[in-house]
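To start, the structure under review is shown below, and the notes come after it.
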Amino acid sequence: MNREDFPILSTGIIYFDNGATSMKPKCILDEVSEYYSKYTANAHRGDYDNSLIVDEKYEEVRTKTKKLINSKSDKEIVFTKGTTDSINLVANGFIKDILVENDEIIITKAEHASNILPWLRLAKEKNIIVKYIPLNENNEVTIENLLNTISEKTKVISLAHITNVIGDTRPIKEIGQICKDKGIYFIVDGAQSVPHIKADVQELNIDFLAFSAHKMLGPTGVGVLYGKEEYLEKINPQVLGGGMNSTFTSAGEVKYKSIPTALEAGTPNIEGVIAFGRAIDYLLEIGYEKINEYEKELSEYLREKLNLVRNIEIYNKEIEGSIVAFNIKGYFAQDTAVFLNKYKICVRAGNHCAKILEEEINVKNTCRISLYFYNTKEEIDKLIEVLNKQEEILDNIV
Amino acid sequence: MDPIIKRNIILENYQNPEKKGLIDDNSYLKMNTNNESCIDNLDIMYKIENGIITDACFDGEACAISTSATSIMMKKIIGLSIEEAKELIKNYENMLYERPYNENILGELMVYDEIYKQPNRKKCALLPFESLKKVVGYEENNDN
Chain U
0 MNREDFPILS TGIIYFDNGA TSMKPKCILD EVSEYYSKYT ANAHRGDYDN
50 SLIVDEKYEE VRTKTKKLIN SKSDKEIVFT KGTTDSINLV ANGFIKDILV
100 ENDEIIITKA EHASNILPWL RLAKEKNIIV KYIPLNENNE VTIENLLNTI
150 SEKTKVISLA HITNVIGDTR PIKEIGQICK DKGIYFIVDG AQSVPHIKAD
200 VQELNIDFLA FSAHKMLGPT GVGVLYGKEE YLEKINPQVL GGGMNSTFTS
250 AGEVKYKSIP TALEAGTPNI EGVIAFGRAI DYLLEIGYEK INEYEKELSE
300 YLREKLNLVR NIEIYNKEIE GSIVAFNIKG YFAQDTAVFL NKYKICVRAG
350 NHCAKILEEE INVKNTCRIS LYFYNTKEEI DKLIEVLNKQ EEILDNIV
Chain R
0 MDPIIKRNII LENYQNPEKK GLIDDNSYLK MNTNNESCID NLDIMYKIEN
50 GIITDACFDG EACAISTSAT SIMMKKIIGL SIEEAKELIK NYENMLYERP
100 YNENILGELM VYDEIYKQPN RKKCALLPFE SLKKVVGYEE NNDN
C-alpha cells in the first residue's frame, strides 16, 4: 500500500531488505529539503525567526515521539544517531556505573551486535557476567527459560523486541513485569519493532527503549533513546561540548543542562529529526493496526509460497512475522542474493550482524527477506518465479 | 575466453576445489582472510622453503567466486618463488582494476577478466590474494 508515495519504488526495484533500512516517502525528502531551502538555523541558539522555527519544529518531534511510544514526558526522549548509539549510551553512561563485580547482564545469542558488544566490553572492564537465555526449538525466548537464567545477581536484561534474523516477537510485557518485580533494569532494542508495531513503554514496563528513524521511513543518522526520567537523570553524558552545558569556569567547575539536552551535545541532525517527525505522522496516518493487518497477510502469503519452492531451507518456519531467513540448498547465501539482484530483487545475505546466532541455528549465513507495508503480493510472486529458476544461480556468474 | 568455458572452470573449482582442507603442520603459515564488506571467511596455509612456495591449502565458507579463485590460486602458486608470486599478484590486480597485464602469467585466472563489470564481486575474486600479499610481503602501490 501507499506505493505511489515512494519515488524509489517506481525505479523497478523489489526491495525486501527493510530490516536493514526502509525506503522514504516523498514527504520525508521534502521535509529535509525545506529545512535547507526555507529556514536553516542551528537549534537552541539564536533569537531570530528561523532559529525559533527550528527550535519549535525540533522540540515538536520530541513530543510526537513521546506520544508514539506513550512515554510520560518529553524529557524522557533523547535524540541519538540510532539504535546502536542509544544502547551504547545506556550501557556506558548508566549501567556501567551501577554494576559491581559478578553482577549479571542477560541477553540472547539472537541479539544484534549492538546489543551484545557493549555488554561484552563491560563484562571485561567491570568483571561482570553476560548470560544468554537458552532459546527454544524455534529460537524464541520463553518465560520459563528466562526465569531459569535470572539469579540474584541479575541487574540488567537487554533484549530485542523483534529479532532481526529470526523475526520473532518477544513477550516484552511479561518480561517487563518480571523485571519490575525483581528490580532488574529492562532495556529493549526496538529497531525492528517500532517500525511495525505499537511499543507502549508504560504498558510494556520498559526502562530504556532504543530505536532508529531510518528503519521507519525516516532519515539515517537519527535515533531515539527513551529512558524513564529518574534513570535518564543519572546518565553520565558520554559526549561533552556545546549545547549540553549550562555553565563552566576555567577552574573546572562544570554544570550540565538538564535532560534530555544534557545528552545531546553538539549540533544535532536537525533536518533528520524534523523529517523523522514527519515519518511518525505518516506512519500514524496509515495506522499501526492497518500496517499490522496488511503485513500479516503479506507474510503469510510469502511463507506459503516460499514453502513450495524446491530445495529451500527456511530457518524460522514456525515464526509469525515479516522476516524470513532461508537458503537454497547447495548454494552459498551470497550467490543466491547476487542472483536475485540480477532481477532487481534486493535481499540481504550474511549473518545480519547476529554473529553468535550461528551457535543456535547451526548455519552461519542466510538470505533474509524483510517486508514492509509497501511490498506487494506481486513482488512476492516475482521472487518465487526467480527462485524457481534456481539452477541458474551460478549461470552468468562472470 | 568463451563464457561457457569460463563458467565451467569456475564451477569446477567451486564444486571440487583443489587443495581444500587444512593440515596439521606447524611449518605452514596460516592466514585467515575475511572480507570486511562481505561474508566470505577463508583460512589459507602456505609452506615456504628457501624462498619458494612449496605447498598451500585452504578451508572455509565462501561464495562461488571466492572459493573458485582460491582453488585456482592454489594451483598457480605452488612452485612459485616469492618474486614470481608478487608478479602474479601484480598482474592479477591489474586485470581486476582494468590496467594492462600479462595474460601468460595469469593462465586460468583469466576466467575473472570481466569481473570488473560486477563491482560487488571484485572483492570476492581478490579475497585469497589479500592473504597471499601478506605472506609474500607484497607492497601496495608498487604496481602503479
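Listed in order, the protein sequences are those of chains U and R. All residue numbers for the first sequence refer to numbering that gives the first Met the number 0, where the first residue is 0 and numbers rise by one. All residue numbers for the second sequence refer to numbering that gives the first Met the number 0, where the first residue is 0 and numbers rise by one. Positions of the beta carbon are idealized from the N, C-alpha and C atoms, including for glycine.
Beta-carbon of residue i versus every beta-carbon of chain U: anything under 8 Å?
{"i": "residue 105 of chain R", "result": "no"}
{"i": "residue 141 of chain R", "result": "Because the pLDDT at residue 141 of chain R is just 49, under 50, the model does not fix this residue reliably, and the value given afterwards should be weighed accordingly. False, the Cβ-Cβ gap to chain U never drops below 8 Å."}
{"i": "residue 43 of chain R", "result": "no"}
{"i": "residue 5 of chain R", "result": "yes"}
{"i": "residue 56 of chain R", "result": "no"}
{"i": "residue 68 of chain R", "result": "no"}
{"i": "residue 10 of chain R", "result": "yes"}
{"i": "residue 186 of chain R", "result": "For residue 186 of chain R there is no data in the structure shown, the boundaries of chain R being 0 and 143."}
{"i": "residue 119 of chain R", "result": "yes"}
{"i": "residue 60 of chain R", "result": "yes"}
{"i": "residue 111 of chain R", "result": "yes"}
{"i": "residue 81 of chain R", "result": "no"}
{"i": "residue 38 of chain R", "result": "yes"}
{"i": "residue 52 of chain R", "result": "no"}
Should residue i be flagged as near chain R, meaning a C-beta pair shorter than 8 Å?
{"i": "residue 348 of chain U", "result": "yes"}
{"i": "residue 343 of chain U", "result": "no"}
{"i": "residue 360 of chain U", "result": "no"}
{"i": "residue 12 of chain U", "result": "no"}
{"i": "residue 393 of chain U", "result": "yes"}
{"i": "residue 15 of chain U", "result": "no"}
{"i": "residue 163 of chain U", "result": "no"}
Comparing C-alpha positions only, which one of the options sits nearest to residue i?
{"i": "residue 367 of chain U", "options": "U:22, U:384, U:336 and U:43", "result": "U:336"}
{"i": "residue 377 of chain U", "options": "U:177, U:14, U:171 and U:87", "result": "U:14"}
{"i": "residue 145 of chain R", "options": "R:47, R:111 and R:39", "result": "No answer is possible for residue 145 of chain R: the residues shown for chain R start at 0 and end at 143."}
{"i": "residue 323 of chain U", "options": "U:170, U:155, U:359 and U:302", "result": "U:302"}
{"i": "residue 316 of chain U", "options": "U:164, U:123 and U:8", "result": "U:164"}
{"i": "residue 32 of chain U", "options": "U:274, U:261, U:380 and U:190", "result": "U:274"}
{"i": "residue 157 of chain U", "options": "U:211, U:90 and U:220", "result": "U:90"}
{"i": "residue 381 of chain U", "options": "U:355, U:341, U:7 and U:226", "result": "U:341"}
{"i": "residue 193 of chain U", "options": "U:9, U:7, U:20 and U:395", "result": "U:20"}
{"i": "residue 125 of chain R", "options": "R:22, R:11, R:71 and R:103", "result": "R:71"}
{"i": "residue 210 of chain U", "options": "U:201, U:223, U:202 and U:142", "result": "U:223"}
{"i": "residue 5 of chain R", "options": "R:82, R:76 and R:113", "result": "R:113"}
{"i": "residue 372 of chain U", "options": "U:188, U:218 and U:286", "result": "U:286"}
{"i": "residue 244 of chain U", "options": "U:356, U:41, U:229 and U:265", "result": "U:265"}
{"i": "residue 43 of chain U", "options": "U:34, U:55, U:37 and U:35", "result": "U:55"}
{"i": "residue 334 of chain U", "options": "R:61, R:100 and R:115", "result": "R:61"}
{"i": "residue 74 of chain U", "options": "U:231, U:87 and U:80", "result": "U:231"}
{"i": "residue 67 of chain R", "options": "R:127, R:29 and R:9", "result": "R:9"}
{"i": "residue 241 of chain U", "options": "U:251, U:57, U:262 and U:293", "result": "U:262"}
{"i": "residue 18 of chain R", "options": "R:87, R:74, R:30 and R:95", "result": "R:74"}
{"i": "residue 10 of chain U", "options": "U:369, U:393 and U:345", "result": "U:345"}
{"i": "residue 135 of chain R", "options": "R:85, R:89, R:111 and R:100", "result": "R:85"}
{"i": "residue 106 of chain R", "options": "R:76, R:96 and R:97", "result": "R:76"}
For my contact list, residue i and residue j are in at a C-beta cut-off of 8 Å; report their separation, rounded to the angstrom.
{"i": "residue 118 of chain U", "j": "residue 106 of chain U", "result": "6 Å"}
{"i": "residue 94 of chain U", "j": "residue 155 of chain U", "result": "6 Å"}
{"i": "residue 16 of chain R", "j": "residue 53 of chain R", "result": "At roughly 20 Å, the Cβ-Cβ gap does not stay under 8 Å, so residue 16 of chain R and residue 53 of chain R are not in contact."}
{"i": "residue 272 of chain U", "j": "residue 78 of chain U", "result": "5 Å"}
{"i": "residue 237 of chain U", "j": "residue 92 of chain U", "result": "5 Å"}
{"i": "residue 59 of chain R", "j": "residue 41 of chain R", "result": "4 Å"}
{"i": "residue 127 of chain U", "j": "residue 104 of chain U", "result": "6 Å"}
{"i": "residue 64 of chain U", "j": "residue 76 of chain U", "result": "5 Å"}
{"i": "residue 359 of chain U", "j": "residue 108 of chain U", "result": "5 Å"}
{"i": "residue 32 of chain R", "j": "residue 129 of chain R", "result": "5 Å"}
{"i": "residue 379 of chain U", "j": "residue 304 of chain U", "result": "6 Å"}
{"i": "residue 113 of chain U", "j": "residue 162 of chain U", "result": "Between residue 162 of chain U and residue 113 of chain U the Cβ distance is about 13 Å, and since that is not below 8 Å, they are no contact."}
According to DSSP, simplified to helix, strand and coil, what is residue i?
{"i": "residue 143 of chain R", "result": "With a pLDDT of only 43 at residue 143 of chain R, under the threshold of 50, the placement of this residue in the model should not be trusted; the figure read from the coordinates follows. In this structure, residue 143 of chain R counts as coil in the three-state DSSP scheme."}
{"i": "residue 67 of chain U", "result": "helix"}
{"i": "residue 150 of chain R", "result": "With chain R represented from 0 up to 143, any question about residue 150 of chain R goes unanswered, as that position is not in the structure."}
{"i": "residue 223 of chain U", "result": "strand"}
{"i": "residue 112 of chain R", "result": "coil"}
{"i": "residue 3 of chain R", "result": "helix"}
{"i": "residue 53 of chain U", "result": "helix"}
{"i": "residue 57 of chain R", "result": "strand"}
{"i": "residue 41 of chain R", "result": "strand"}
{"i": "residue 366 of chain U", "result": "strand"}
### Under 9 Å (Cβ pairs) to chain A, residues found in the region 310-334 of chain U
Among the protein chains of the structure shown, namely U and R, there is no chain A.
### Message
As an exercise, report each continuous alpha helix (DSSP H) stretch of at least 4 residues that is fully enclosed by the region 106-158 of chain U, in chain order.
### Response
Taking only runs of at least 4 residues, the alpha helix (DSSP H) segments lying wholly in the region 106-158 of chain U are 116-125 and 142-148.
### Query
In the region 336-361 of chain U, which residue ranges form an unbroken beta strand (DSSP E) of at least 3 residues, counting only runs that do not cross its ends?
Listed in chain order, they are 347-349.
### Task
Just list the alpha helix (DSSP H) runs in the region 295-332 of chain U, keeping only unbroken ones of 4 residues or longer that don't cross its boundaries, in chain order.
Counting only runs that start and end inside the region 295-332 of chain U, there is no alpha helix (DSSP H) element of at least 4 residues.
#### Entry: Contained alpha helix (DSSP H) runs [length at least 4] in the region 10-56 of chain U, N- to C-terminal order
Qualifying alpha helix (DSSP H) stretches, in chain order: 25-37.
### Task
Write down every uninterrupted run of the beta strand (DSSP E) in the region 212-274 of chain U whose length is 3 residues or greater and which is fully enclosed by it, in chain order.
Taken in chain order, the complete beta strand (DSSP E) segments of 3 residues or longer contained in the region 212-274 of chain U are 222-226, 244-247 and 253-255.
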